[in-house]
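Colleague: Just dropping this structure here.
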Amino acid sequence: MTKDSSYKQIIVSMDNNNRAKFMASSNLYITNLNRTLKNIKSDVMTDFIRKDQHGIIITTNKVVLTLELQTIEKYIHQ
């Protein structure tokens, strides 16, 4: 997982099967990610999720800190 501060994107590597399953319910994942971030008292909100050739890209409203990045990573990989 990497973070690009200029674009406020989090890139999560996934194989094609996991990416397709994740994208099928992306609205649910956005809602749950935002709820999870709110629970840790974060100001970061997930705006949208899109897929690319290597996995998914999660776009947020602002740059994430380490705790927020870890929270998102933990949620994605559960």
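FYI, the numbering for the sequence shown is 260 to 337, going by our numbering.
No residue lacks a Cβ here, since even glycine has one placed at the ideal position from N, Cα and C.
Could you have a look at residue 272 and say whether DSSP puts it in helix, strand or coil?
Modeller: In the structure shown, residue 272 sits in a strand (DSSP, three-state: E or B).
Colleague: Are the CB atoms of residue 317 and residue 325 nearer to each other than 7 Å?
Modeller: Not in contact: residue 317 and residue 325 (Cβ atoms no closer than 7 Å).
Colleague: Rounded to the nearest angstrom, what separates residue 270 and residue 335 at their Cα positions?
Modeller: About 11 Å.
Colleague: When you compare only the Cα positions, how much space is there between residue 301 and residue 287?
Modeller: For residue 301 and residue 287, the distance between alpha carbons rounds to 19 Å.
Colleague: May I ask which residues mark the beginning and end of the alpha helix (DSSP H) holding residue 289?
Modeller: Counting along the chain, the alpha helix (DSSP H) containing residue 289 begins and ends at 285–298.
Colleague: According to DSSP, is residue 280 part of a helix, a strand, or is it coil?
Modeller: Residue state, collapsed to three classes: helix.
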